[in-house]
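Position 275 of the sequence shown, counting from 1, maps to 349 under the working numbering, and the rest follow consecutively.
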Amino acid sequence: MRPLQVLAVDDEPPALEELTYLLRGDRRVGRVLAAGGSEEALRLLEDGSTDAVFLDIRMPGLDGLELMRVLGRFAHPPAVVFVTAYEDFAVSAFALNACDYLLKPVGPQRLAEAVRRVAALIEGGGAAPGSAPATGTPLAPGPPVPGGLPAQGRSATDPPVPPVRSGERIPVDVGGVTRFVSRDEVSYVEAQGDYVRLHTRGGAPLLRIPLSVLEERWGPHGFLRIHRRFLVSLGHVEELRSDAGHWTVRVAGGELPVSRRHSRELRDLLTRWAPSPGPGGRP
């Protein structure tokens with residue numbers, strides 16, 4: 075594959091300088107252009123030769139999400155990787171077919187992974203950025219992942235899912251630093267678009283994996299789906315409460331809703347569940 079032609083866009087000069095420096099250090103990247111805002115970026119993109127845009131979100135004028143929607147109307151839109159200090163826009167970014175979403179400060183290894191995804195997307199002819207993903211088409215079963223579970227809802231460019239094992243440690247990127255979170259530390263998991271948020275005593279990092287995949291992987295280890303948005307660790311449930319037919323659980327000091335179809339299974343499991351010393355939390 076030929077070297078990638080990329081554009082870095084950020085209204086903060088130090089951040090833009092750092093990003094262009096890191097991009098130029100990647101052997102898969104050829105030309106690197108830089109823009110201090112959306113208007114300048116659009117001028118540089120006019121010739122249609124840019125393969126990917128590494129884009130900040132909070133900028134004067136058109137912000138990053140708005141610029142991505144404009145790019146989606148190009149005849150040959152570039153791939154888009156967001157590079158931002160704000161994690162709140164990840165769901166909106168991936169709804170527009172962003173290739174990746176990086177949190178500042180970005181380390182060389184994390185940026186290299188984003189470049190790899192861009193290269194894979196371009197080589198495979200991925201969906202155009204700036205447009206909503208197609209709906210109504212059933213997903214074909216994904217390739218098998220370690221542990222024997224199907225990778226439903228995952229794309230070919232997503233990082234591989236590690237195998238299930240007792241005391242599993244999950245790598246998560248937090249501001250360019252890779253942390254390892256033990257499954258046993260997670261009190262509950264919350265779905266947020268293509269991501270899940272792992273709630274622990276030490277924080278709530280985001281992980282790019284569908285909640286349904288995590289439900290299958292962690293079900294044998296004492297986790298139960300209680301709602302379309304929540305997966306809880308039975309060992310962390312402090313209280314189960316019913317109020318006029320509406321069920322809630324108390325986990326990590328807060329209350330989570332329990333859907334009616336999950337309430338009976340949750341009640342039954344909580345009355346007889348106890349963690350086992352080996353793999354598999356349920357009896």
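Where a beta carbon is used, it is the ideal one built from N, C-alpha and C, also for glycine.
In angstroms, rounded to a whole number, what distance separates the CA positions of residue i and residue j?
| i | j | result |
| --- | --- | --- |
| residue 170 | residue 142 | 8 Å |
| residue 157 | residue 181 | 11 Å |
| residue 319 | residue 327 | 22 Å |
| residue 307 | residue 272 | 11 Å |
| residue 148 | residue 112 | 15 Å |
| residue 183 | residue 100 | 10 Å |
| residue 98 | residue 105 | 8 Å |
| residue 114 | residue 258 | 48 Å |
| residue 333 | residue 277 | 26 Å |
| residue 321 | residue 342 | 14 Å |
| residue 192 | residue 138 | 18 Å |
| residue 31 | residue 305 | Given a span of 75 to 357 for the chain in the structure shown, any question on residue 31 remains unanswerable. |
| residue 185 | residue 95 | 11 Å |
| residue 124 | residue 116 | 11 Å |
| residue 338 | residue 161 | 35 Å |
| residue 194 | residue 317 | 51 Å |
| residue 340 | residue 245 | 29 Å |
| residue 260 | residue 344 | 17 Å |
| residue 159 | residue 146 | 23 Å |
| residue 179 | residue 315 | 42 Å |
| residue 140 | residue 187 | 25 Å |
| residue 331 | residue 298 | 13 Å |
| residue 90 | residue 83 | 7 Å |
Cβ of residue i within 7 Å of Cβ of residue j?
| i | j | result |
| --- | --- | --- |
| residue 174 | residue 133 | no |
| residue 324 | residue 313 | yes |
| residue 300 | residue 336 | yes |
| residue 269 | residue 280 | yes |
| residue 267 | residue 144 | no |
| residue 131 | residue 163 | yes |
| residue 275 | residue 256 | no |
| residue 264 | residue 75 | no |
Rounded to whole angstroms, how far is the Cβ of residue i from the Cβ of residue j, which I believe are closer than 8 Å?
| i | j | result |
| --- | --- | --- |
| residue 189 | residue 172 | Actually they are not in contact, since the Cβ atoms of residue 189 and residue 172 sit about 14 Å apart, beyond 8 Å. |
| residue 129 | residue 103 | About 15 Å separates the two Cβ atoms, so there is no contact after all. |
| residue 152 | residue 126 | 5 Å |
| residue 310 | residue 262 | 7 Å |
| residue 109 | residue 81 | 6 Å |
| residue 93 | residue 107 | That pair is no contact at about 12 Å. |
Return the first residue and the last residue of the alpha helix (DSSP H) that residue i is part of.
| i | result |
| --- | --- |
| residue 138 | 138-145 |
| residue 364 | Within the shown structure, residues of the chain are numbered from 75 to 357, placing residue 364 beyond reach of any answer. |
| residue 157 | That residue, residue 157, is in no alpha helix (DSSP H); its beta strand (DSSP E) goes 153-158. |
| residue 88 | 87-98 |
| residue 286 | 285-292 |
| residue 308 | That residue, residue 308, is in no alpha helix (DSSP H); it is neither H nor E in DSSP. |
| residue 114 | 112-118 |
| residue 361 | An answer regarding residue 361 cannot be provided, because it is not within the stretch 75 to 357 covered by the chain. |
Got a sec, what are the start and stop residues for the beta strand (DSSP E) residue i sits in?
| i | result |
| --- | --- |
| residue 148 | No beta strand (DSSP E) holds residue 148; DSSP gives it neither H nor E. |
| residue 332 | 328-332 |
Any beta-carbon of chain B closer than 7 Å to the one on residue i?
| i | result |
| --- | --- |
| residue 142 | Any reference to chain B falls outside this structure, which holds one protein chain only. |
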